[in-house]
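**Student:**
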Amino acid sequence: MNSKKNNIRKQILEARSKLTPSQMNAAEEQALQKLLMMDVYRNSRVIMLYHDFRKEVPTEKLIAAVRDSGRRLILPLTDPDFQIIPYEIPKELPLSSALETSPMGISEPDPQICSVVKPEIIDLVIVPGSAFDQSGNRMGYGKGCYDRFLPLLQEKAFKLGLAYEFQVLDVIPAEPVDVKMDEILAVSVE
């Protein structure tokens, strides 16, 4: 199963690497408009997002929208053991002041400035991945970060995968430890 997953990951990451800045900007705007129309977004007070990496669907505008709406914004910090630690970003600070660049080159919360929160307070978590399928299965990047983190959420927390349409396949290999998404927000690439 791992070799099949690795092949899918490789194909998706290769396709993502070919995206142009204008395609990514259009995808981000599409993601924002779709998210703002979702009841689950409108009904959520505590939202966990992530900073995009390696040409994932850009999330800067989504992060700004959450902050501007007065909702509580949670961003993940991944520790050296690939455990996700959720941090709340202070509303009173500019976002750039609350972040630092991780060894992997990802913008993450600065633990000196941001506060750790309990996963149970999160209403909506927007999740990256390399591939998803029609049944909500998610394939990450092979470290199991989100598969270990998501079970810590309250049962009613909504798990929303964010992807380009070409990342959503009919079926992907799934294992018992893989956590399904409640829905996939897929954006087209023109």
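Going by this note's numbering, the first residue of the sequence shown is number 175, and it counts up by one from there. Don't be surprised by glycine CBs; every beta carbon is placed ideally from N, CA and C.
DSSP state of ASP255, grouped into three classes?
**Tutor:** Three-state DSSP puts ASP255 in coil, outside helix and strand.
**Student:** With the cut-off set at 8 Å, would you say ALA360 and ILE186 are in Cβ contact?
**Tutor:** Not closer than 8 Å, so no.
**Student:** Under the three-state reduction of DSSP, which class applies to PHE332: helix, strand or coil?
**Tutor:** Residue state, collapsed to three classes: strand.
**Student:** Under the three-state reduction of DSSP, which class applies to ILE358: helix, strand or coil?
**Tutor:** Residue state, collapsed to three classes: strand.
**Student:** Please report how far the alpha carbon of PHE332 lies from the alpha carbon of MET355, in whole angstroms.
**Tutor:** Roughly 8 Å between the two C-alpha positions.
**Student:** For the region 282-298 and the region 260-272, state whether three or more C-beta atom pairs, one from each stretch, are separated by less than 8 Å.
**Tutor:** Flag = yes, the region 282-298 and the region 260-272 touch.
**Student:** Would you identify the three-state DSSP class for VAL365, choosing helix, strand or coil?
**Tutor:** Absent from the structure is residue 365, since the part of the chain shown begins at 175 and ends at 364.
**Student:** Could you say which of GLY335, GLY318, ILE280 lies nearest to LEU298 if we only look at CA atoms?
**Tutor:** Checking every option, the nearest Cα to that of LEU298 belongs to GLY335.
**Student:** With a CB to CB cut of under 8 Å and the five nearest residues on each side skipped, what residues in its chain are close to ILE182?
**Tutor:** Cβ neighbours of ILE182 beyond the five flanking positions: SER304, ALA305, MET313, LEU343, ILE346, PRO347.
**Student:** Is the CB-CB distance between LEU269 and PRO293 below 8 Å?
**Tutor:** Cβ atoms of LEU269 and PRO293: not closer than 8 Å.
**Student:** Can you tell me which of the three DSSP states TYR320 falls into?
**Tutor:** If DSSP states are grouped into helix, strand and coil, TYR320 belongs with the helices.
**Student:** Output yes or no for whether 8 Å exceeds the beta carbon distance between GLU364 and GLN197.
**Tutor:** Yes, the Cβ-Cβ distance between GLU364 and GLN197 is below 8 Å.
**Student:** Could you give the distance in angstroms between the alpha-carbon of ILE248 and the alpha-carbon of LYS179?
**Tutor:** Using only the alpha carbons, I get a separation of about 29 Å.
**Student:** Give me the Cβ distance between SER218 and ARG241, rounded to the nearest whole Å; I'm assuming they're in contact under 8 Å.
**Tutor:** 14 Å between Cβ atoms; not a contact.
**Student:** Please name the residue in PRO283, ASP253, LEU236, VAL351 whose C-alpha comes closest to that of ASN311.
**Tutor:** Selected option, being the one with the closest Cα: VAL351.
**Student:** Within a Cβ cutoff of 7 Å, which residues of the same chain sit near LEU273, ignoring the five residues on either side of it in sequence?
**Tutor:** SER281, GLU282, PRO283, ASP284, listed in sequence order.
**Student:** Since MET222 is in the alpha helix (DSSP H), which residue starts that stretch and which ends it?
**Tutor:** That residue, MET222, is in no alpha helix (DSSP H); its beta strand (DSSP E) goes 220-222.
**Student:** Looking only at its chain, what residues have a beta carbon closer than 7 Å to the beta carbon of ALA239, apart from the 5 residues adjacent to it on each side?
**Tutor:** Excluding positions up to five away in sequence, the list reads LEU206, LEU210.
**Student:** Would you list the residues sitting across from ALA305 in a DSSP beta bridge?
**Tutor:** Answer by DSSP bridge pairing, in chain order: MET313.
**Student:** Relative to the C-alpha of ILE258, which candidate in ASP321, ASN176, THR194, ALA337 has its C-alpha closest?
**Tutor:** Comparing Cα positions, the closest option is ASP321.
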